[in-house]
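Visitor: Protein chains in written order, with the numbering used here: chain D, 155 to 547; chain H, 2 to 238; chain C, -5 to 223.
Even glycine gets a Cβ: it sits at the ideal position worked out from N, Cα and C.
Predicted model only: the values in this text are computed from it and were never measured.
#1: Exposed or buried, which one is residue 407 (chain D) when buried takes at least 16 other CB atoms within 10 Å?
#2: Taking Cβ positions, are residue 543 (chain D) and residue 44 (chain C) nearer each other than 8 Å?
#3: Below 8 Å, can you find three or more Cβ-Cβ pairs linking the segment 183 to 201 of chain D to the segment 274 to 283 of chain D?
#4: Is the CB of residue 39 (chain C) under 8 Å away from at least one CB in chain D?
#5: Looking at chain D, which residues of the segment 66 to 83 of chain H have a Cβ within less than 8 Å of any of its Cβ atoms?
#6: Rounded to whole angstroms, what is the Cα-Cα separation between residue 160 (chain C) and residue 152 (chain C)?
#7: Run through the segment 126 to 197 of chain C for me and flag every whole alpha helix (DSSP H) of 4 or more residues, listed as ranges in chain order.
#8: Taking C-beta to C-beta, are residue 444 (chain D) and residue 339 (chain D) nearer than 8 Å?
#9: Are residue 159 (chain H) and residue 139 (chain H) closer than 8 Å when you measure CB to CB?
#10: Just to confirm, are residue 324 (chain D) and residue 404 (chain D) a CB contact at a threshold of 8 Å?
#11: Does the Cβ of residue 19 (chain H) have 16 or more other Cβ atoms within 10 Å, making it buried, or fewer, making it exposed?
#12: Just the C-alpha distance for residue 462 (chain D) and residue 180 (chain H), rounded to the nearest angstrom, thanks.
#13: For residue 374 (chain D), which three-state DSSP category applies?
#14: Rank D:382, D:363, D:381 by C-alpha distance to the C-alpha of residue 373 (chain D) and give the top, closest one.
#15: Chain C partners of residue 368 (chain D), CB-CB under 9 Å?
#16: Label residue 150 (chain H) either buried or exposed according to how many other C-beta atoms from any shown protein chain fall within 10 Å of its C-beta, with 16 as the threshold for buried.
#17: Let me confirm a value: residue 42 (chain H) is counted as buried when at least 16 other C-beta atoms fall within 10 Å, else exposed. Which label applies?
#18: Count Cβ pairs between the segment 175 to 188 of chain C and the segment 134 to 153 of chain C that sit closer than 8 Å; are there 3 or more?
#19: May I ask you to report which of helix, strand or coil DSSP gives residue 157 (chain D)?
#20: Can at least three beta-carbon pairs, one atom from the segment 168 to 175 of chain H and one from the segment 116 to 126 of chain H, be found at a separation below 8 Å?
#21: Can you tell me which of the three DSSP states residue 243 (chain D) falls into?
#22: Give, in chain order, every residue of the segment 320 to 345 of chain D whose Cβ lies closer than 8 Å to some Cβ of chain H.
#23: Residues in its own chain within less than 7 Å of residue 28 (chain C) by CB, not counting five upstream and five downstream?
#24: What number of angstroms, rounded off, separates the C-alpha of residue 115 (chain C) from the C-alpha of residue 106 (chain C)?
#25: How many whole angstroms separate the CB atoms of residue 79 (chain H) and residue 470 (chain D), which I take to be in contact at a CB cut-off of 8 Å?
#26: Does the separation of the CB atoms of residue 423 (chain D) and residue 310 (chain D) fall below 8 Å?
#27: How far does the beta strand (DSSP E) with residue 513 (chain D) in it reach, from first residue to last?
#28: Using 8 Å as the cut-off, can you tell me whether the segment 129 to 137 of chain C makes contact with the segment 87 to 99 of chain C, which would need three or more C-beta pairs spanning the two stretches below that distance?
#29: DSSP three-state label for residue 162 (chain D), please.
#30: State the start and end residues of the unbroken alpha helix (DSSP H) segment that holds residue 188 (chain H).
#31: Tell me whether residue 275 (chain D) sits in a helix, a strand or coil according to DSSP, three-state version.
#32: Would you call the segment 183 to 200 of chain H and the segment 194 to 213 of chain D in contact, with 3 or more CB pairs under 8 Å?
#33: Mark residue 188 (chain C) as exposed unless 16 or more other C-beta atoms lie within 10 angstroms of its C-beta, in which case mark it buried.
#34: Does any C-beta atom of chain C lie closer than 8 Å to the C-beta of residue 349 (chain D)?
#35: Does the distance from the CB of residue 332 (chain D) to the CB of residue 433 (chain D) come in under 8 Å?
#36: Nearest-angstrom Cα distance between residue 400 (chain D) and residue 328 (chain D)?
In structure tokens, the structure reads:
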């Protein structure tokens, strides 16, 4: 073996490795961002943020929020309920300037009773909370929870009642908006990142790339990194933009309100602010999962259309609620899909993960599961890419 | 024995060598192919994905009816844009696969091929609608016409947006532009129906009152876009 | 530099595309002739490390083809190669330079040198999608040379070029081949007639002729037609 060929080229490679990775990374980012579809999807994401921010303003009046804020800090007890009941019209379905301030409180009561025929003014506070506790245990039994799991939840719920009312318009808008943003990230991953690898095969640039020194492992790594940068960047930027917009339009009201003000049957002892933090963690880890799935599976299948179809199909399937709760594992898996996990309705998910006798909620486990699946996908994609042979043309 | 006689007879009375056979064959007019036969011929060249997706929509509708799932309405409405996207992709396959120039030079013009494909896929969508709408309306207890309009509006909206995009430079560069449009329309349906609140209620009221007119308007727009696509198919070749 | 191909075979399910081919190449141009489907592209892909042989070995001074050291000294121009339409010629060559592990500063300098060598300095900042076929091929040769390769594999690089472009291309290859092993495949015999010192001919996956060609043996095209009767 000629040392002239090996040692000089080897030394020369080592000193410029990081530089090359950086250069390749920039080129991969450029390839993704110069794609007109990526630009279109980013513009659509921006439009979604604006619409999500403005929509509540179109459907509820500023005066309603101001009126409801006058009850901030009031405990939902007999005193508040007795004050509200004479003001209710149409059993809490008709609102005017005089009674609008009770809309949130009436919503909490209606959410506990869950019966359109129930007359709100028939119930006292103690009875309401008792009905709530019994109903929650009933739902837990329906979902197949064990006695230990129910006991665990009952410990969490011990200090929840009575609720303290805090107007949460701003926090709620942000929470709902984040769910919408995640859908945009999913579409960006499905439509824009699924071509990161397949485009090289389609455009026949793979021959040139694979014949180069950095054409296998390094190229795979930078492509993955570039894709992940795009989705994580989008997640962070959109979350910040949405938060800024909501704060500007509505103020960040209700971050310290209990989640039960919006989802009365939730058994989580969280404030809306704490829930939003969990949403953001789910959003970022879901984005990583979407990107890893889109890029790795498109390389394995050599087909970006199929990947787009799978991702969008799973999303639509997740909305169907087709799996009855008695099939606990399948139903729980469905609930763990990112689109369901980030939704505010995930606050009414009671099923837990039991690991070594310790119970964990979906908010703890989902980021771990998403990251673990992402790692597996990235490795599988790497194996497929490194084994690829240019043939059949 | 009989076959020996047959062979001997064939040898003794063999037909003379043909004279002017090639010239004769060249003068024969090509076989008439009816419009229906030509359209039916194109069915074989439409990919299985398109038919499977139509079957999926019907399957989801029927499953929703059997399991009495109200969410089936939303699921079917969200799937309709994708059937439109697949229809647009299939109609433009000749251009995408670089076959336009060859097909322009064949017996049936590229325009008639594109028209045939659009007709077939449109017929499939109509069948899907005729099955899914009454089935879904049985679950939701809304009228079949109202349900059909709710399903057809996203379909026509996706088509009328995708067709001009496919003709543009973006459509030439990527396969996914129609799917992107479908995804966005589906996402809007999801978002408005889950989080729209009063906006969703308002939308349903508008559909209830003006839905048929809106659908007819979108149908006209889609037809105009399809006409442009058909006309330009040979230009783009 | 000695490029050794030793009993290389590529077999697919029901076809042997390359059948136990062996030869050795040194600096200079070697022409690879053969009809469509002879196995030239398959052989070249194996020599470029992008296709694994079913059996046999390819080494360059003992360095195996599937190693990074081999790819570091390789320049490859595939038949019908792709490009990124949105990239300019300059960006494209720089990108390939990064893939070939060339340090940034050197890559910048080398890119400009090569674009000048192939006559694309004025068009360096324009997008490749606006280029003619000949200009695209010139970008192709520029990217193949960016790492000063010791081994240059060119798969039908003159296909689709006009006569003037072909002569220009030939002359460029002749200049480079002085200290590079160049393997140049083509259908067009005149492309290599004047520059190849060695000729390989393939038919049905097999090597049917290997030998020096110095013009004294007569007309190469005539010889080629005789071999492929």
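Guide: Put simply:
#1: buried
#2: yes
#3: no
#4: yes
#5: 68, 70, 72, 73, 75, 76, 79, 80, 83
#6: 6 Å
#7: 127 to 139, 157 to 170, 183 to 187
#8: yes
#9: no
#10: yes
#11: exposed
#12: 8 Å
#13: helix
#14: D:363
#15: 62, 65, 92, 93, 94, 95
#16: buried
#17: exposed
#18: yes
#19: Here the model assigns residue 157 (chain D) a pLDDT of 35, short of 50, so the residue's position is not dependable, and the following value carries that caveat. Reduced to three states, the DSSP call for residue 157 (chain D) is helix.
#20: no
#21: strand
#22: 330, 333, 334, 337, 338, 341, 344, 345
#23: 34, 195, 196, 197
#24: 7 Å
#25: 5 Å
#26: yes
#27: 512 to 514
#28: yes
#29: For residue 162 (chain D), the predicted structure reports a pLDDT of 40, less than 50, and the residue's modelled location is therefore unreliable. The matter cannot be settled from this model.
#30: 178 to 196
#31: helix
#32: yes
#33: exposed
#34: no
#35: yes
#36: 7 Å
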